[in-house]
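See below for the structure under consideration.
Protein chains: 2
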Amino acid sequence: MPLPAQVAVQEGKFPVTVSFTAGIEKKTKADTGRAARAVRRMLKRLAGRTGLFFTDNKIHIKSKSLETALRIRFKREGRLRLGEDETYSLMVTPEYIQLNAETDIGILRGLETLLQLVRADKEGYYFPAVMIEDRPRFVWRGLLIDSCRHFMPVEVIKRNLEGMAAVKMNVLHWHLTEDQGFRIECKTFPKLHQLGSDGLYYTQNQIRDIIAYAADRGIRVMPEFDIPGHSTSWLVGYPGLGSAPGPYTIEREYGIKDPTFNPTIKATYKFFNKFFKEMSALFIDEYFHIGGDENNGKHWDANPKIQAFKQKHNLKDNHALQAYFNKKILKILTKYKKKMVGWDEIFQPELPNTIVIQSWRGKKALREAAKKGYNSILSNGYYIDLAQPTDFHYLNDPIPEDSNLTPEEKKRILGGEATMWAELISPETIDSRIWPRTAAIAERFWSSAQVNDVDDMYRRLDIISFQLEELGLTHIKNQAMILRRLTNGKDTTALKVLVDVMEPLKLYARHHQGATYTFFSPLTRVVDAALPDAKKARIFRKQAAAFVKGNRTKEAAEVLIKDLKLWKENHQNLQPVIVNSPVLKEIETLSKDLAKIADIGLQAVEYILKGKKPGPGWIEENKKVLQDAKKPRGHAELMVVTAIEQLVNACNGDK
Amino acid sequence: MPLPAQVAVQEGKFPVTVSFTAGIEKKTKADTGRAARAVRRMLKRLAGRTGLFFTDNKIHIKSKSLETALRIRFKREGRLRLGEDETYSLMVTPEYIQLNAETDIGILRGLETLLQLVRADKEGYYFPAVMIEDRPRFVWRGLLIDSCRHFMPVEVIKRNLEGMAAVKMNVLHWHLTEDQGFRIECKTFPKLHQLGSDGLYYTQNQIRDIIAYAADRGIRVMPEFDIPGHSTSWLVGYPGLGSAPGPYTIEREYGIKDPTFNPTIKATYKFFNKFFKEMSALFIDEYFHIGGDENNGKHWDANPKIQAFKQKHNLKDNHALQAYFNKKILKILTKYKKKMVGWDEIFQPELPNTIVIQSWRGKKALREAAKKGYNSILSNGYYIDLAQPTDFHYLNDPIPEDSNLTPEEKKRILGGEATMWAELISPETIDSRIWPRTAAIAERFWSSAQVNDVDDMYRRLDIISFQLEELGLTHIKNQAMILRRLTNGKDTTALKVLVDVMEPLKLYARHHQGATYTFFSPLTRVVDAALPDAKKARIFRKQAAAFVKGNRTKEAAEVLIKDLKLWKENHQNLQPVIVNSPVLKEIETLSKDLAKIADIGLQAVEYILKGKKPGPGWIEENKKVLQDAKKPRGHAELMVVTAIEQLVNACNGDK
């Protein structure tokens, strides 16, 4: 995962033994450093999985033909630029493994494929003989990480870069400034990080380190400086640049805030000129993201000087004023040889089509931009912070079949980005919100549009998910840790049974549950242990639907009954744990409801098996219980209620 | 844990609610920054455990008396120097919590105690009313981390500093140079890190960051530059300073190696003069550790010029030559205002008693040093890399009751250090080798010698262990991850049952199992998932011993029978997993043996319960099986064999 463009399985296998060796054929002047480091990491992961003590750990670099087990050949160093060649071909024979590519970035992609091929039988580990030709469908395959709403330490970024590389993603879109924090050390304007970050920022050395780390994995790092709105933290240190008089303080709550740069004063552009001069040297990628979203214009409307400026310059509304601002910023970025990227809102006819539009509001804007000659990338449908199921993202194609775009226009859709906004995540939980769902999104960006079998995706997702753990990702292991803390070190079995059928509330619903999330709120509750796309619940829903639709055998029923019995009895096991852990109080009735609806489900299955119809009172009464069970508790919800509803309806003969 | 010097439990409790607040009384000019940051972290952990959304997250700093829930008062900033005041007093009343200390370092210690006091009942979370007066027994409470044999990234060091702070340790002894790697960026002699580290070194910025991070937690960072032996990696870049002609390559294997600095040439001291000048500015602690251990002298003996030098200077043996070297180094360190620390071997009468001896070979040396007027610290008995049980370390007192030292001499024993040597650990496993055992060692260093109840220690260790997870430590959660990888994502239940009664081989036995560990060897096998001091096995041994010694009730037997049955049936569950995971092959017979001896144990318990004696053939035959089960497999061993042996012996009437 992602599935390669062409795979031809062959006869035989290449066994992995302690005498496994690796080499790179060096015929050109290309530097083999990045490829060699990648092979070193690959050997480490291979040894880690197989437990083999390789006797030869050298990476052999020779100009002549290699005699190593793994033989690598590439023509030139890949550059970290949009559209760089990432193709590779991989041939596993019983005698050797040949990995070829135009660039060393292609080699990196091929090494990940190779690691996904490791198999085992009684004789030991092996690579199955295979011929693979592979190349990406889209050139822009990104993950946005928001380091602002919650700060994410260097190791969080690094381990997620590893995860990205494992699924062949190639852009880290790093959201570095926000109302809640300015996260970059800035030498020209040090008050930005000194006053705007609570001390939580990346030093320039750390940023350089991360960029190099990403580059070593064939990943570009595009910074986002969100302006003119979303800018409270900038204005704490430089209130004179704001549209309102100030003073400003770091924003602790979330949502759309009023503070905005003043686009009508020269000081603003002088500031950005110097600022982007410094940042252009630090962030080496060609693309700079300037945000541009969700500027509510309130401070502009409230400032008479800004109003006068608009009149004078014939700017009919705030959109026009923002376009004015964007044009000025574009000029600065162009001076420093950067290309401008922004959210939907920057797509205004006044701006040249050298800019790139990132669509968060919908695919319509994406198509429109493409039709008008703009390059664009899709994020709508990939908002992984919204706790939606994997298949929803997976089936969201950047170019749907009915897009009506010409081949030329299609080319302008560069790809897409999953966006990990950070209002409701901490370094402890971020990985479980990114992974494994983002692996499916990565496949959407890399593999053919025809690769869209959801069941097969979920099957492969399970495998890639635990393999991602070897990269240090915490998406699986941190759940058990949070549960231990929630039970105060007591047995977590019953809590796990409950959490397995719960999901965090979707979309923005967690913000509307009577508690205001702030920068300081704990993200350590049951809802934070619950996973988006809870596997157990998903499988139960599927099994229940199949049972209702026709497969009403005893075996099919028994599968359901086993789960339902477990849930029915779970609350009595969880109850004593809740008593000692007040933090669990908020999900007590949810746990009770699970027991109740499981009991209803058991009765329904029995009616169905016996071919008997329950009385109308039974249905009515239980539908009410099921309705109640749907209510969110603890900012989370039960994910098996609809399945049990289906069972209840089926008692009545419904399918 | 560690247990405070004085605790007086009072009536009542202070409830923790959303309106919890914290403040610092600022009456002097002392900077409140460190204390405020510590309170911020404390509030975060408190919110994390309780799930409470505190409404007031400000740290109130006032010169007048505070009205916050938590009220903090200290007189001055603590300096990070040996013997700095760390006392504190903590009073929890139903109305407020008062934490007082001489220094802010005392405040840090008190905040950790406070966090350990959190309790819960049906009404919610609370701090029980209590009066605590606390101070450390020893001034030097250290943990050595070896970043050389395996490199440990910055986050590994940081999370372990958090763990150290949680159990009130105050010295990170950072082992930074070794045969296998030179881990410091050195600007004066860049070939040290460029050629001696495989690119795995800490930049000076990272080192400064870690020192600041430690300082913020009241922890000194003492670097170790191990010379003149253990120095292969230095000599890769500067072979001219070696005692043999060279060239040198980074050592990949472990053990005592020959390469040694040449102590007879001026270039060596010129080098160290410049080197320590740079390092003295980087590492701000007053103490510098120069290692000095395990110099085998082979290269000295083989070098005629060195032999001639010894004769000329009347240095009767290599010890004398090393003392000569140490005196020269001491002079350099003194010039840069650093105090010299070294392992046992540097304790030679020629050196003044300003040096500090770290005893790794035994307590005898420690006492001897103290008697001769030298300060010393104990590490013998705290080698946590050797996989020994917690109680062994816990009962190892730096000043045993029979030490025969005068009070003056006792004072010279500054404390001790747990040593985490890194031959057999990786960033994935290091935490599980340090924690939770080191918490018990920390208690040995902090609490009174009279605090030595092993059962109570183990009870409290369980609690502190899962609490340490909130600091990012991976000692619990990584085991499940390693097991998932070992089973290739299959069910890990059976493997966990086996691992729960296994331990890694103790002392240096893992190096003598027919495989040579190198820098590249995988540390991802079953042995690496197994924990030192396996809890399940420890409890079984205790229960079996109690049963044998007299408590032969049916209930006591049933506890044993339950475990034995589980083990007896476990192999048939594990077998199909092993078939698909060749990496598990090495423990297959261990798993079989567990099933066999569990069956023997079941029979033995039955004989005992029935008061029947088995025939002599039964005993003989089974003793052989038990003998076989003791054999190490996969570099690990079963920890319940002796307990089952006891049961077998008890059938015969033995106790």
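Top to bottom, those sequences are chains H and V. Following the working numbering, the numbering of the first sequence begins with 1 at its first residue and continues without gaps. Following the working numbering, the numbering of the second sequence begins with 656 at its first residue and continues without gaps. Glycine residues also receive a C-beta, built at the ideal position from the N, C-alpha and C atoms. Being a predicted model, the structure only gives us computed values, none of them experimental.
At a C-beta separation below 7 angstroms, H/F20 has no neighbours in chain V, since its nearest C-beta there lies roughly 12 angstroms away. In this structure, the beta-carbon distance from V/R790 to V/A660 falls below 7 angstroms. Between H/L143 and H/M169, the C-beta gap is smaller than 7 angstroms, which places the two residues in contact.
By the criterion of at least three beta-carbon pairs nearer than 8 angstroms, the segment 1110 to 1121 of chain V is not in contact with the segment 1051 to 1064 of chain V.
Interface criterion not met: the Cβ of V/F926 is under 7 angstroms from no Cβ in chain H. As DSSP reads the structure, H/R460 sits in no beta bridge. Ranked by Cα distance from V/Q849, the options V/L1178, V/H830, V/R1067, V/G892 are led by V/G892. Under DSSP, V/E879 takes part in a beta bridge, and its partners are V/H830, V/H944. For V/W1076, no alpha helix (DSSP H) encloses it, and the DSSP letter there is neither H nor E.
Beta-bridge partners of V/V662 (DSSP): V/I787. Counting only runs that start and end inside the segment 1179 to 1212 of chain V, the alpha helix (DSSP H) elements of at least 4 residues fall at 1181 to 1184, 1190 to 1204. Between H/I256 and H/W360, the alpha-carbon positions lie close to 15 angstroms from each other. In the three-state scheme derived from DSSP, where H, G and I count as helix and E and B as strand, V/E732 is classed as coil. At least one C-beta of chain H is nearer than 7 angstroms to the C-beta of V/E810. In terms of Cβ geometry, H/A595 and H/L564 do not form a close pair [threshold 7 angstroms].
Shown here, H/G342 sits in a strand according to DSSP, grouped into three states. For V/Y1029, there is no enclosing beta strand (DSSP E), as DSSP marks it with neither H nor E.
With fewer than 16 other Cβ atoms inside 10 Å of its own Cβ, H/R79 counts as exposed.
Check the Cα spacing between V/A820 and each of V/E1292, V/L1128, V/V1303, V/R1180: the tightest is with V/L1128. At a cut-off of 7 angstroms between C-beta atoms, H/G33 does not count as an interface residue with respect to chain V. A straight line joining the alpha-carbon of H/E11 with that of H/V92 spans about 10 angstroms. Under a criterion of Cβ atoms nearer than 8 angstroms, no residue of chain H is adjacent to V/S1246; the nearest Cβ is some 16 angstroms distant. By the CB criterion at 7 angstroms, V/T723 and V/T676 fall inside the cutoff. Under the DSSP assignment, H/M502 falls in the beta strand (DSSP E) whose first and last residues are 502 to 504.
For V/N1277, the enclosing alpha helix (DSSP H) has its first and last residue at 1271 to 1284. Across the structure, H/R433 and H/T553 are spaced so that their CA atoms are roughly 37 angstroms apart. With a cutoff of 7 angstroms on beta-carbon distance, V/L1229 and V/A1149 are scored as near each other. Look at V/R700 here: in three-state DSSP terms it is helix. Look at the segment 306 to 353 of chain H and you find these whole runs of alpha helix (DSSP H), each 4 residues long or longer: 318 to 335. Looking from the CA of V/W795, the closest CA among V/S1102, V/V1154, V/G1256 belongs to V/S1102.
In the displayed model, V/Q1013 falls within a strand according to three-state DSSP. With contacts defined as CB atoms closer than 7 angstroms, V/I1255 and V/N1277 qualify as a contacting pair. In the three-state reduction of the DSSP assignment, H/R141 falls in the strand class, which pools E and B. Using a Cβ-Cβ cut-off of 8 angstroms, V/A870 is close to nothing in chain H; its nearest Cβ partner there is about 14 angstroms away. Interface criterion not met: the Cβ of H/R433 is under 7 angstroms from no Cβ in chain V.
As computed with DSSP, V/Y857 is found in a beta bridge with V/I839.
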